[in-house]
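Heads up, the sequence shown is in my numbering, so the first residue is 1 and it goes up one at a time.
Ideal Cβ placement from N, Cα and C applies to all residues, glycine included.
Here the structure comes first, spelled out in structure tokens, and everything after it is commentary.
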Amino acid sequence: MAKGLDVVIVGGGIIGLAGGYFLSRKKKRVLVIDKGGFADGASGACDDMILFQSKKPGINLELTFESLELYKRLIVDFDDEMQFKNLGGMVLIENDAELAIMEQFVAEQRSYGLDVEVIGQQDARKKQPFLSDHIIASTYSMMDSQIDPFHVMRALEKHGLKLGMGIQRRNGVVAIERLGNGNWSVVCEDGSTHEAPVVVNAAGAWAPSIAQMVGATVPIVPKRGQIVLSERIPPIGETNLWNAKYLVTKLHKGTEVQMTDEERELGLSLAFTRSAGNTYLMGSTREYVGYDKGTTIAGIRGIIDMTLSYLPKMKDVGIVRAMAGLRPETPDGKMILGEHKNLDGFYTAAGHEGDGIALAPVTAKLLSDLICGNPIDRDLGELSPNRFGGMAHE
Ligand SMILES: Cc1cc2nc3c(=O)[nH]c(=O)nc-3n(C[C@H](O)[C@H](O)[C@H](O)COP(=O)(O)OP(=O)(O)OC[C@H]3O[C@@H](n4cnc5c(N)ncnc54)[C@H](O)[C@@H]3O)c2cc1C
Numbered sequence: 001m002a003k004g005l006d007v008v009i010v011g012g013g014i015i016g017l018a019g020g021y022f023l024s025r026k027k028k029r030v031l032v033i034d035k036g037g038f039a040d041g042a043s044g045a046c047d048d049m050i051l052f053q054s055k056k057p058g059i060n061l062e063l064t065f066e067s068l069e070l071y072k073r074l075i076v077d078f079d080d081e082m083q084f085k086n087l088g089g090m091v092l093i094e095n096d097a098e099l100a101i102m103e104q105f106v107a108e109q110r111s112y113g114l115d116v117e118v119i120g121q122q123d124a125r126k127k128q129p130f131l132s133d134h135i136i137a138s139t140y141s142m143m144d145s146q147i148d149p150f151h152v153m154r155a156l157e158k159h160g161l162k163l164g165m166g167i168q169r170r171n172g173v174v175a176i177e178r179l180g181n182g183n184w185s186v187v188c189e190d191g192s193t194h195e196a197p198v199v200v201n202a203a204g205a206w207a208p209s210i211a212q213m214v215g216a217t218v219p220i221v222p223k224r225g226q227i228v229l230s231e232r233i234p235p236i237g238e239t240n241l242w243n244a245k246y247l248v249t250k251l252h253k254g255t256e257v258q259m260t261d262e263e264r265e266l267g268l269s270l271a272f273t274r275s276a277g278n279t280y281l282m283g284s285t286r287e288y289v290g291y292d293k294g295t296t297i298a299g300i301r302g303i304i305d306m307t308l309s310y311l312p313k314m315k316d317v318g319i320v321r322a323m324a325g326l327r328p329e330t331p332d333g334k335m336i337l338g339e340h341k342n343l344d345g346f347y348t349a350a351g352h353e354g355d356g357i358a359l360a361p362v363t364a365k366l367l368s369d370l371i372c373g374n375p376i377d378r379d380l381g382e383l384s385p386n387r388f389g390g391m392a393h394e
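This is the structure we're talking about:
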């Protein structure tokens, strides 16, 4: 049995690695264990956005502001830009009903300090000359930023290792037991065990199975997202793009939006982002298909059809590959962060759904403060793993 550890983190995606790095910085002896290889989870099959515009006023928006500042500090500390970019973003509006809802939403976001506005068709076109004619307006915010998840994870790993953090890959956790001395014993596939007073469940979409090992419930479900990567092309417009359609249905449940059967079946919404090296990430689907991480012809075709409906110019662009990841979805759209009731030393840091890249640094900072008993200047009750009382998924 390996002893002498302060914290074992189960899951080495962006959340587990960020947690490991922040705890190592606080002189904790940490081991991160992952059942797969580097970036095998959602963190290796996703977009790269630190996205503000999708967020309702509330804790997710507030934490995104904090996370962006933490990313800026990490860029300095690591002396590595991690492909950070600030291209800003536009949410495309297709009709008057969407416009009315987005105008109200933008006003709420502005009152929360987000620098965002609604711009008309002509201004939208100046920023995005190749937009389809049917776009009547758009939102615009310069705050929406990007950072490359692979570079972030490599940097967290490199600097964590320098501080003494351990990482084990391809060795899944199969059991977690409470020892007589109050510590936890984490048992891996190869039979090895690791003892520590604190265990963090950072297993993303797989967090429910880790929680089950200690008799806890974590109501996360996997929501598959497929994305398609283009070849390198000269930049198409200034900003990244989303469509208002999906946001509108989330903001005003029951609002009738015009969707094709394909869009409805696949839960499609547009995300069109210029990533490192001038390739474009196009997505994505929102599908409930259990733990199936495969891509499908229907999904890829749906993404391409949808992208062309907004940017017909993309029709001659080559596709390099498609991939899919499992977003860890919670019933209320907020991450799960904190210690479980009646399970001293057992924490969960998971359930970031489509925001785990954006929220990794702030999650890790809060997690390390919680574990180290440092004061935290916000109430984390709405993120607590103990907040669910039979809440159903939305
Ligand atoms: C298509 C798509 C687009 C997205 N775009 C964005 C975006 O633009 N911005 C953004 O902020 N977020 C985005 N996300 C969401 C983001 O990818 C996730 O929120 C984030 O990656 C979750 O990180 P994680 O570390 O919690 O989970 P993961 O990266 O999934 O890591 C969990 C890890 O746990 C490991 N594990 C599981 N079981 C065990 C076990 N028994 N023992 C040990 N290890 C185990 C897995 O192997 C895995 O590596 C997107 C997601 C998708 C799918």
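Taking each of S309, I220, T295 and Y280 in turn and checking the Cα distance to E263, the smallest one comes out for S309.
Taking the CA atoms as reference points, T255 sits about 42 Å from I9.
Per the coordinates, the alpha-carbon of I119 lies some 15 Å from the alpha-carbon of Q109. Shown here, I50 sits in a strand according to DSSP, grouped into three states.
In this structure, A349 places its C-beta atom within 8 Å of the C-beta atom of L337.
With the rule of 3 Cβ pairs closer than 8 Å, the region 269–283 counts as touching the region 223–241. By alpha-carbon distance to F346, the top candidate from R274, E157 and A207 is A207. Membership of R73 in the alpha helix (DSSP H) is indicated by the continuous run I59 to F78. In this structure, the straight-line span from the alpha carbon of L268 to that of A244 is close to 12 Å. For P208, the enclosing alpha helix (DSSP H) starts and ends at A207 to Q212.
Pairing S141 with F52 gives a Cβ-Cβ distance under 8 Å. Contact between T239 and G88 holds: CB atoms are separated by about 5 Å, below the 8 Å threshold. For P328, the beta-bridge partners assigned by DSSP are P222. Ligand 1 has no heavy atom closer than 7 Å to the beta-carbon of P235. DSSP places V200 within a strand segment (E or B) once states are collapsed to three. The C-beta distance from N171 to E189 rounds to 5 Å, short enough to fall under 8 Å. In this structure, Y112 is the residue among D369, V198, D316 and Y112 with its C-alpha nearest to the C-alpha of E62.
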